[in-house]
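Accompanying notes for the structure given below.
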Amino acid sequence: MIEFFTSETFSTVVSALNSGFIKTLQLFFITLIGALPLGLVISFGSMSRMPPIRWLTRAVVWIIRGTPLVLQIIALYYVPGIQKWFNWPSGETGRMLAVCVAFIFNYACYFSEIYRGGIQGVPRGQQEAGLVLGMTRGQIFRHVTLLQMIKRIVPPISNEVITLVKDTSLARVVALQEVIWMGESFMKGNQGIAGLVWPLFFTAIYYLVFSGIVTVLLGKLEKKLAFF
């Protein structure tokens, strides 16, 4: 009979959870790197002066924000292969790629609405003053709108980033071996160990520590921007 809590078992579990947490970190940072700039592009589409582009962009954002992320992951991973459009690479690489695409697009749509609110919150008179001074729209955005927008959007963006830390656990729905998946695996017989429940709940420590670090860093960023 396997002891449920020995130094050897604890070492095995922590090693497995650490490897899963690396996948969680990869998903988190890849999502931010992709979603932050893509969200800005989508926000421009939702504010486009061309009605078809504006309507189409807002419709896509509405669909993505109105449906569960877990369903988007499942659809993106399984539907292309079922419909014979294309197949993701096999194994963990394909699962990670599909999940990253789903997360990036999902969070980009949320970020786009935050960006749009930040841009539209800047008084229009400042943009008109820039035009009078002979500045191009690009110069007005970079030198007038952008800095004010960043200060306005940091708090809501921070909330989304904290949510992203926890949402990474949804990747297990396609068997991506992130930290929650690894915690569950010891209930089913991972590395010859079965019936362990505590590794699953032990994963909460990883999320609490990671969320705490992210919260502190974002808090410092907000204070710096408040100075200006």
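Numbering-wise (the numbering used here), the sequence shown opens with residue 25 and increments by one.
Glycine is no exception: its CB is placed at the ideal position from the N, C-alpha and C atoms.
Check	Outcome
Bridge-paired residues (DSSP) for LYS190	Bridge partners of LYS190: none, in fact.
Helix, strand or coil at ASN214 [DSSP, three-state]	strand
Three CB pairs or more closer than 8 Å across the region 179 to 189 and the region 219 to 239	yes
Beta carbon of ILE88 nearer than 7 Å to that of CYS133	yes
When GLU32, VAL168 and ILE143 are compared against LEU155, the one with the closest alpha-carbon	VAL168
Distance, GLN201 Cα to MET25 Cα	Per-residue confidence for MET25 stands at a pLDDT of 41, beneath the threshold of 50, marking its modelled position as unreliable; the derived number appears in the next sentence. Straight-line Cα distance between these residues: approximately 27 Å.
Inter-residue Cα distance where the pair is GLU116 and MET206	13 Å
Three-way DSSP call (helix, strand, coil) for LEU49 in this model	helix
Helix, strand or coil at PHE68 according to DSSP, with G and I counted as helix	helix
Coil, strand or helix - GLY219 by DSSP	coil
C-alpha gap between LEU232 and PRO75, whole angstroms	44 Å
N-terminal and C-terminal residue of the alpha helix (DSSP H) that ASN130 is part of	115 to 144
Buried versus exposed call for VAL38 [16 or more other C-beta atoms within 10 Å across all chains shown]	exposed
Straight-line Cα distance separating VAL189 from PHE19	Lying outside 25 to 252, the shown extent of the chain, residue 19 is not represented and no answer is given.
Assigned secondary structure, GLY58 (DSSP; H/G/I helix, E/B strand, else coil)	helix
Cβ-based neighbour list, LEU93, same chain, cut-off 8 Å, excluding 5 preceding and 5 following	ALA126, PHE127, ASN130, ASP191 and LEU194
For LYS108, the three-state DSSP class (helix, strand or coil)	coil
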